[in-house]
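Chemist: Once you've had a glance at the structure underneath, I'll fire off some questions.
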Amino acid sequence: MQITLKGIALLLGGKIVGNDDVIIENIRPIEEAGPGDITFIANAKYLKQLKTTAASAILAAPQTSAAGKNLVLVDDPYAAFGQLLNIFYPVEHSFRGISRDAFIEEGASVSDEATVYPRAYVSRGAKIEKGAVIYPGVFIGSNTTVGENSILYANVTVYSGCIIGKRVILHSGVVVGSDGFGFAAPGKANNKIPQVGFVQIDDDVEIGANSTIDRATLGKTWIGRNVKIDNLVQIAHNVVIGENSVITAQVGISGSTKLGKSVIIGGQTGIVGHITIGDNVMIAAGSGIHKEIEAGQIIAGSPQLPYRQWLKVEACRAKLPEMKKTLEELKRKIEIFQEQINE
Amino acid sequence: MQITLKGIALLLGGKIVGNDDVIIENIRPIEEAGPGDITFIANAKYLKQLKTTAASAILAAPQTSAAGKNLVLVDDPYAAFGQLLNIFYPVEHSFRGISRDAFIEEGASVSDEATVYPRAYVSRGAKIEKGAVIYPGVFIGSNTTVGENSILYANVTVYSGCIIGKRVILHSGVVVGSDGFGFAAPGKANNKIPQVGFVQIDDDVEIGANSTIDRATLGKTWIGRNVKIDNLVQIAHNVVIGENSVITAQVGISGSTKLGKSVIIGGQTGIVGHITIGDNVMIAAGSGIHKEIEAGQIIAGSPQLPYRQWLKVEACRAKLPEMKKTLEELKRKIEIFQEQINE
Amino acid sequence: MQITLKGIALLLGGKIVGNDDVIIENIRPIEEAGPGDITFIANAKYLKQLKTTAASAILAAPQTSAAGKNLVLVDDPYAAFGQLLNIFYPVEHSFRGISRDAFIEEGASVSDEATVYPRAYVSRGAKIEKGAVIYPGVFIGSNTTVGENSILYANVTVYSGCIIGKRVILHSGVVVGSDGFGFAAPGKANNKIPQVGFVQIDDDVEIGANSTIDRATLGKTWIGRNVKIDNLVQIAHNVVIGENSVITAQVGISGSTKLGKSVIIGGQTGIVGHITIGDNVMIAAGSGIHKEIEAGQIIAGSPQLPYRQWLKVEACRAKLPEMKKTLEELKRKIEIFQEQINE
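Residue numbers (numbering that gives the first Met the number 0), protein chains in the order written: chain A, 0 to 342; chain B, 0 to 342; chain C, 0 to 342.
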């Protein structure tokens, strides 16, 4: 693809500083970019590289200046970089239409404008809306709906009765709607509590490879609009995740816990069941959350602590052996004092 | 479905307090239940809601009383709730019989009374017993047996030579019988040790979505009767899990470790290899277990501690910065004493 | 299979002590081995069992002696055990050739000497080289290459544009090339940054069941030669793992982190993004790594500490309640001194 810098600035709504005729052919990271490439600076710590980069142009924040360089100034250079990637590398699928080699049960409803690859499976009562793309090995259970323009990559499974919104992306191996983990008399009879609820995934959600979202016992497990979930994440039955939240890889959220909007959770964090996490909470990677968190808090550690306290606690923790030694020395000295006093 | 409360009490072996003619049409959680619904109280902390619920009937423990309410008294209300769900929402499969679009290798044995969906794959020497249900995308390796009435949901993989018992449920994405992780000279040559054992899964086991159970190096990896395993759990080669144990999501159990009966393990716990965990042990979520645990112990933390000690340790941990400050103050005071004494 | 001990010694390049005519029919662990079996001792702590084992022969390290026993002395008995397993139990696949029931898009290139099972899917531009084995349910994206003699077990997914080397083993449920987790304005707009790079997996890599390797944002995510990755591991976009490294189950490595050669990482460890881990580093299970590690270091804990310091810190941590009590006692005593001095 070839496009002038002027064309790029128009597409991104940016302002050019420098030569707007330069031809851009590719997008590269700043340390690799050369002639014909556009790159970006989203972080002040890379400003140094602005002087030395051989890129033909750089996306940068307003007010950035660099003598002799061609800049496109945009409000959010990283988001603009994403937009450019979309233009240079549009998402492509190797197949179009509804394959005769897909298995579509009688009573399923598939839009003529959907794509269903060979080897996909759509059960009765399911509905695949226009623009949706169903890859090979995908299983859609009965009465499940897949909304417009959603993409289900190879080997995704969605059990029966679930609702997948519009523009949702489910990466390979994702399982939606498997039974929640509920047993009466656990460790003894382990009587299975049937899980007869469903999963609702709202518009613009993306879920990473091999993540699992269990169906509710009754009612629904609910992933809100524009939530982004990374790989190998576990979402238990009846969990609710508020819109725009971001859940990093290998996080586990236990049953019936409710997350507010715009919650950000670092990788491998575990969250106990039946609690509430407020809006805009941030949780550091590797945390163990056992009780509710009010809106806006920043939390870390296992068991959880406020972030600033956690930093201090961990600084002390590394010095525990010294503290113990000091404590023993003081104890000895005090014993000596006591002896001196007693004499 | 419509059934009188009398009918429900008969099915559950419960005792009615109130009107046994009331018609029940659905099951709902206590906070949502209204006329025509039955609900349940399994936990004393919800007893307050007994007065205010609009449900037509409530499953409750013996001795419960509530003026003007229709109660069904049963020994275990939560288990009874599960039984009722089974009656109102029986498990259904959208397909019956052995599909011509399944791929069954020559030399496989599939009961006429089994269900094999289109797109399932059964290898030579495998045996699928009556009542078993094999969903699309399931792969059954050669010489593997699937017992009566077991359900393997979409995209489950069972490698060759494994034994799956009766009434086993494997959720989507489960992998049974992949190679254990064994290499000679790790970090250097990484010579693969072939994993030539198998996996045995006994009757009434349920395994959650995307969990992995590796085959043994020699001999077997063994999941005992009625064990319940949640999603994204890793069971390494030659592990043995005693009957009725409950393993929560994202737990990892390393090679050759043996768990007793009725062990309950909280989510994201990691257990080292080659150790023994006794019967009835309970391990809190997020623990790191590096040495054996005797029967009946309750354990928490990483590294592990007895649960009560762990509670005390963690209470102190949060106060480490104060402790450090106090320690420094005492040190200064003692230095002053010494100076005074020396004067 | 039947083979004389002499034959075995020849195959392994070992030296026999004892009777070289004995017939070996099977391989068993030392505690189970009987007549006709060969076993091995790879660890000095099992030397006692050398005297009591009923095995017909034992693989052991040079200089081992045991009166009346038949030994095969080899440099690395565990590796030799692996070689023997390969001989007694060669890897077998139930199918050979390229199935008509596989779905191979026009423009894919599949070697006549490859095996493609029924129900596998190969996209246009993909290349499957000779000796490769592609199981049912595998999806190979467009322009992806699978090198000679690699095995992709059932339900593996490889997205488009990836490179899989020679003799690579991908276990069931592995996902290679799913989108990295990148969003501008996280928690707010969550603008997707398209992930247009790829994954390169070098020769002799093995990846365990349900592990996920994300494609790079730009450039490549790179798994070096002979790296071994266990089950349920998460490798984020643009990560580089140096050759011969060993990554145990449920580890998560965040974006753009670079591991050196021969790094060994214990299970459930989490590693932050954008850092460098030197050659030959060892990281204990359950660690939380937030900053770079120099070559050769041994590290443990979360947050990370040098291994020896971590041992001391954790020993103190268990004694925190006692330390707190002692501290309070000393404080009281000093207050009493002060009162005495003030009197």
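Just so it is clear, CB atoms sit at the ideal spot from N, CA and C, and this is done for glycine as well.
It should be emphasised that the depicted structure is a prediction, and the values quoted were computed from it without experimental measurement.
Closer than 8 Å, Cβ to Cβ, to anything on chain A: give me those residues from the region 246-276 of chain B, in chain order.
Modeler: When C-beta distances to chain A are compared with 8 Å, the residues of the region 246-276 of chain B below that value are THR247, ALA248, GLN249, SER261, VAL262, ILE263, GLY266, GLN267, in chain order.
Chemist: Can you tell me which of the three DSSP states GLN361 (chain C) falls into?
Modeler: Residue 361 (chain C) lies beyond the residue range present for chain C, which begins at 0 and ends at 342; the question has no answer from this structure.
Chemist: Per DSSP, what kind of secondary structure is PRO305 (chain C) in: helix, strand or coil?
Modeler: Per DSSP, reduced to three states, the secondary structure at PRO305 (chain C) is strand.
Chemist: Is it right to say LYS14 (chain B) is buried, meaning 16 or more other beta carbons lie within 10 angstroms of its own, or is it exposed?
Modeler: A residue is called buried when at least 16 other Cβ atoms come within 10 angstroms of its Cβ; LYS14 (chain B) does not meet this threshold and is exposed.
Chemist: Output the distance between the C-alpha atoms of LYS332 (chain A) and GLY259 (chain B), rounded to the nearest integer angstrom.
Modeler: Taking C-alpha positions only, LYS332 (chain A) is separated from GLY259 (chain B) by approximately 50 Å.
Chemist: Quick one, which residues of the region 16-43 of chain B are near chain A if we go by CB-CB under 9 Å, in chain order?
Modeler: ILE26, ARG27, PRO28, GLU31, ALA41
Chemist: Closer than 7 Å between beta carbons: that is the criterion. Which residues of the region 84-98 of chain C meet it against chain A?
Modeler: Of all residues in the region 84-98 of chain C, none comes within less than 7 Å of chain A when Cβ atoms are compared.
Chemist: Which chain B residues sit within Cβ distance under 9 Å of GLY140 (chain C)?
Modeler: Neighbours of GLY140 (chain C) on chain B: none; closest Cβ ~17 Å, over 9 Å.
Chemist: When you compare each of A:GLY176, A:VAL16, A:ILE7 to ALA208 (chain B) by their alpha carbons, which one comes out closest?
Modeler: A:GLY176
Chemist: Go through the region 17-105 of chain A residue by residue and report every complete run of the beta strand (DSSP E) that reaches 3 residues or more, in order.
Modeler: For the region 17-105 of chain A, whole beta strand (DSSP E) runs of length 3 or above, ordered along the chain, are 36-39, 56-59, 70-72.
Chemist: Could one say the Cβ of LYS187 (chain C) lies closer than 9 Å to chain A's Cβ atoms, at least one of them?
Modeler: Residue-level contact by beta carbon holds for LYS187 (chain C) and chain A, with a gap shorter than 9 Å.
Chemist: Roughly how many angstroms lie between the CA atoms of VAL145 (chain A) and SER301 (chain B), to the nearest whole one?
Modeler: 42 Å
Chemist: Alpha carbon to alpha carbon, how far is LEU49 (chain C) from ILE22 (chain C)? Give it in angstroms, no decimals.
Modeler: 19 Å
Chemist: Report the partner residues of GLU205 (chain B) according to the DSSP bridge assignment.
Modeler: B:ILE168, B:LYS227
Chemist: By the three-class DSSP mapping on this structure, what secondary structure does MET281 (chain A) have?
Modeler: strand
Chemist: Are the Cβ atoms of GLY223 (chain B) and GLY241 (chain B) separated by less than 9 Å?
Modeler: Going by C-beta atoms, GLY223 (chain B) is nearer than 9 Å to GLY241 (chain B).
Chemist: Measuring CB atoms only, is the region 164-174 of chain B touching the region 134-154 of chain B, in the sense that at least three cross pairs come out at less than 8 Å?
Modeler: Contact between the region 164-174 of chain B and the region 134-154 of chain B is present, with at least three C-beta pairs closer than 8 Å.
Chemist: Please check if any C-beta of chain A sits within less than 9 Å of the C-beta of CYS161 (chain C).
Modeler: no
Chemist: Assign LYS290 (chain C) to one of two classes, buried (16 or more other C-beta atoms within 10 Å of its C-beta) or exposed (fewer than that).
Modeler: exposed
Chemist: Determine, for ARG123 (chain B), whether the minimum Cβ-Cβ distance to residues of chain A falls below 9 Å.
Modeler: no
Chemist: By Cβ distance, which residues of its chain are closer than 6 Å to GLY285 (chain B), with the 5 residues on each side in sequence left out?
Modeler: So the qualifying residues of the chain are GLN267.
Chemist: Which residue comes first and which comes last in the beta strand (DSSP E) that contains LYS219 (chain B)?
Modeler: 219-222
Chemist: Have a look at PRO135 (chain C) and PHE39 (chain C) and give me their C-alpha separation to the nearest angstrom.
Modeler: 36 Å
Chemist: Looking at chain C, is there any beta carbon in it that lies within less than 9 Å of the beta carbon of TYR152 (chain A)?
Modeler: yes
Chemist: At what residues does the beta strand (DSSP E) containing GLY160 (chain A) begin and finish?
Modeler: Here GLY160 (chain A) belongs to no beta strand (DSSP E), and DSSP marks it neither H nor E.
Chemist: Relative to chain B, which residues along the region 280-295 of chain A have a C-beta separation below 9 Å, given in chain order?
Modeler: GLY287, HIS289
Chemist: By alpha-carbon positions, which one of B:ASP203, B:GLY130, B:GLY251, B:ASN189 ends up nearest to GLN82 (chain C)?
Modeler: Among B:ASP203, B:GLY130, B:GLY251, B:ASN189, the Cα nearest to that of GLN82 (chain C) belongs to B:ASN189.
Chemist: Who does TYR120 (chain C) pair with in a DSSP beta bridge?
Modeler: C:PHE102, C:PHE138
Chemist: Nearest chain E C-beta to THR220 (chain A) closer than 9 Å, yes or no?
Modeler: Protein chains A, B and C are contained in the structure displayed, whereas chain E is not.
Chemist: In three-state terms, what does DSSP make of GLY272 (chain A)?
Modeler: coil
Chemist: Please check if any C-beta of chain C sits within less than 9 Å of the C-beta of ARG166 (chain B).
Modeler: no
Chemist: Excluding sequence positions up to five away, which residues of its chain have a Cβ less than 8 Å from the Cβ of CYS161 (chain B)?
Modeler: GLY140, THR143, THR144, VAL175, GLY176, PHE197, VAL198, GLN199, ILE200, ARG214
Chemist: Could you check if VAL173 (chain C) is buried or exposed, using at least 16 other CB atoms within 10 Å of its CB as the buried criterion?
Modeler: VAL173 (chain C) should be labelled buried.
Chemist: Answer yes or no: do SER53 (chain A) and PRO34 (chain A) have a C-beta to C-beta separation smaller than 9 Å?
Modeler: Looking at the sequence provided, one finds Ala at residue 53 (chain A) rather than Ser. Yes.
Chemist: What is the residue span of the beta strand (DSSP E) that THR211 (chain C) lies within?
Modeler: 211-213
Chemist: Under a Cβ-count criterion, where at least 16 other Cβ atoms within 10 Å of its own Cβ denotes burial, should ALA153 (chain A) be classed as buried or exposed?
Modeler: buried
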